Amino acid sequence: MTRSIIRLLAILAALSVVPVAAVAQGRPPSGPIKVGSLRLSYEDVPYVRTLPGRAVAYERTDIRPRVSGAIVEILYPPGATLKPGDPMFRIEDATYRAALASAKAAVSGAEAELATALATAERYRALQGSAATAANLQTAEAAVAKARSTLAAAWANMESAQIDLDHTTIASPIAGVAGKPAVSVGALVTANQTAALATVTRLDPIYVDVADSSSGMLRVRDRVAAGKLQLGDQIGLQLLLETGLPYNRDGELVVLGSEVSSSTGTVEMRIRFDNPDRLILPGQFLRVETTLGTTRAILVPQRATTRSADGTLSVWLVRDGKVHRVAIDASGSHNNAWVVTDGVQEGDVLVVDGLSNLREGAEVATVPVTIDSLGVVRDIAPAANGASN
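As numbered in mature numbering (1 follows the signal peptide of the UniProt record, and there is no 0), residues -24 to -1, 1 to 365 make up the sequence shown, in order.
Here you go:
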């Protein structure tokens, strides 16, 4: 019995030693954490402000009838590209044709009355010499004047009737893309009604309206006054599509607001872009990168930063062989790097690789690296002996 107990205790003792040994063998070697780093320095970088914007049609018109009647024909397919004067709707015109015929008859009658009045007046002029003839001549000349005014009114009525008849064909006043019709054949419409029959929108070129805060514009002025920003000859305007990709056509600033909105505190600007492929449609929310000039700034690769829940950007800096988390402020981005205005200084050593295992105050061993244009981290090759000598 005693021998069995001793044997069991020996087995348990052996088992208790195995995990400790295993853990000891699997423990990572102690020492500094190896990280890739680079030394920060000032660079001349474009000073870019990214502003929110919204696309607005270059031209847009609502199509409404100028005369009343029933729609008898829709003359365009929805989405068609129209030129100025292209017909879109036709209103039943029998009544307007009859009105024009009546107006033409009135003109003919007025012309006949004028001819009669002129002949009568001419006859009395030939018989001048008596009081009776003078009175008759006055009456005849008054009849001529009345006949002339009657003819002028008849001509005006005929022209009005012709205009009404022309308006039974409703045409597009601008070039653009036609929207779907809001009425169908047989619908009764009235002259100058509130509801539009359709819309025509010109998409090329197109406007993008953007807004910049008044405080942001003041900061730009301060940087220029302090010599920190060198303005360019002209403002660079790069449109970013909803996908984040750049639009491959340059913009032109056509309107710069002259007042600050009392409700939003922003200044409105309007930029025009060519849009032959209709990639931009009215109502789209877009962004515009405005390049104002160049500034001296420190670039921090975006891969080396983390953003907290409240939006704060931070980086790991190496000081005296240990890492410390530091918050930074950025005014924009350039080539996959943040343009940093506060938090770091020239000469600081920034950790760009091996960030996952870091903790505040951890000891690190830095390996100088570079980041290529594709964002790939590469070790800096050591200089050859001959070169170093």
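C-beta atoms are modelled at their ideal positions from N, C-alpha and C, and glycine is treated no differently.
Source: prediction; values computed, not measured.
Whole-angstrom distance between residue j and residue i, CA atom to CA atom
i     : j    : result
P41   : D140 : 11 angstroms
A93   : A82  : 16 angstroms
Q1    : V24  : For Q1, the predicted model reports a pLDDT of 45, less than 50, meaning its position is unreliable and no value from the coordinates is stated.
P22   : D188 : 18 angstroms
I247  : G212 : 11 angstroms
L325  : D20  : The identity of residue 325 in the sequence shown is Val, whereas the question assumes Leu. Each residue's alpha carbon lies about 20 angstroms from the other.
V345  : V294 : 14 angstroms
Q138  : P54  : 29 angstroms
A147  : I50  : 11 angstroms
A56   : A75  : 34 angstroms
R124  : A88  : 11 angstroms
P181  : Q321 : 45 angstroms
D38   : G308 : 41 angstroms
R73   : A95  : 33 angstroms
L215  : L255 : 12 angstroms
M193  : S44  : 53 angstroms
I304  : S234 : 34 angstroms
A118  : T71  : 36 angstroms
D69   : A31  : 40 angstroms
A(-4) : L331 : Low local confidence applies: a pLDDT of 40 at A(-4) is under 50, so the model's placement there is unreliable, and no value is given.
T270  : N312 : 17 angstroms
Bridge-paired residues (DSSP) for residue i
i    : result
W131 : W131 is not bridged to any residue.
Q206 : T270
H310 : A313
E339 : K298
D318 : D305
D253 : Its beta-bridge partners do not exist; DSSP assigns none.
D89  : According to the sequence as given, residue 89 is Glu; it is not Asp. Partner(s): none; E89 has no beta bridge.
For residue i, the nearest candidate out of the options (CA to CA)
i    : options                   : result
V315 : W292, Y34, R254 and V276  : V276
E336 : V343, V327 and A77        : V327
H300 : T126, S307, G287 and G319 : G319
D209 : A137, S332 and L268       : L268
R178 : T144, R73 and E35         : E35
S191 : P181, A132 and S237       : S237
K122 : A91, S239 and L103        : A91
S160 : I150, G152, N168 and A172 : A172
Close Cβ partners of residue i (< 6 angstroms) along its chain, the five nearest in sequence each way excluded
i     : result
P8    : E339, V340 and A341
G155  : A174 and T175
A86   : T126, L127 and A130
V186  : L27, G29, M245 and V264
E98   : none
T288  : A303
V(-2) : Residue confidence is low: V(-2) scores 41 on pLDDT, short of 50, so the model does not pin down where it sits. No coordinate-derived value is stated.
Buried versus exposed, by CB contacts within 10 Å (16 or more), residue i
i    : result
P157 : buried
F65  : buried
A79  : buried
D286 : exposed
P60  : exposed
N224 : exposed
R283 : exposed
Y183 : buried
T281 : buried
P4   : In this prediction, P4 has a pLDDT of 49, which is less than 50 and means its spatial position is unreliable; what the coordinates show is noted afterwards. Classification for P4: exposed.
D329 : buried
G12  : buried
Neighbourhood of residue i by C-beta distance below 7 angstroms, restricted to the same chain and skipping five residues each side
i    : result
Y100 : T109, N112, L113 and A116
8 angstroms Cβ shell around residue i - same chain, five flanking residues per side excluded
i    : result
A163 : A46 and I47
V302 : S290, V291, W292, L293, G319 and V320
T242 : A187, D188, S189, S190 and V236
Any non-hydrogen atom of the ligand GTP closer than 7 angstroms to residue i Cβ
i    : result
A119 : Questions concerning the ligand GTP fall outside what the structure shown contains, since it holds no ligand whatsoever.
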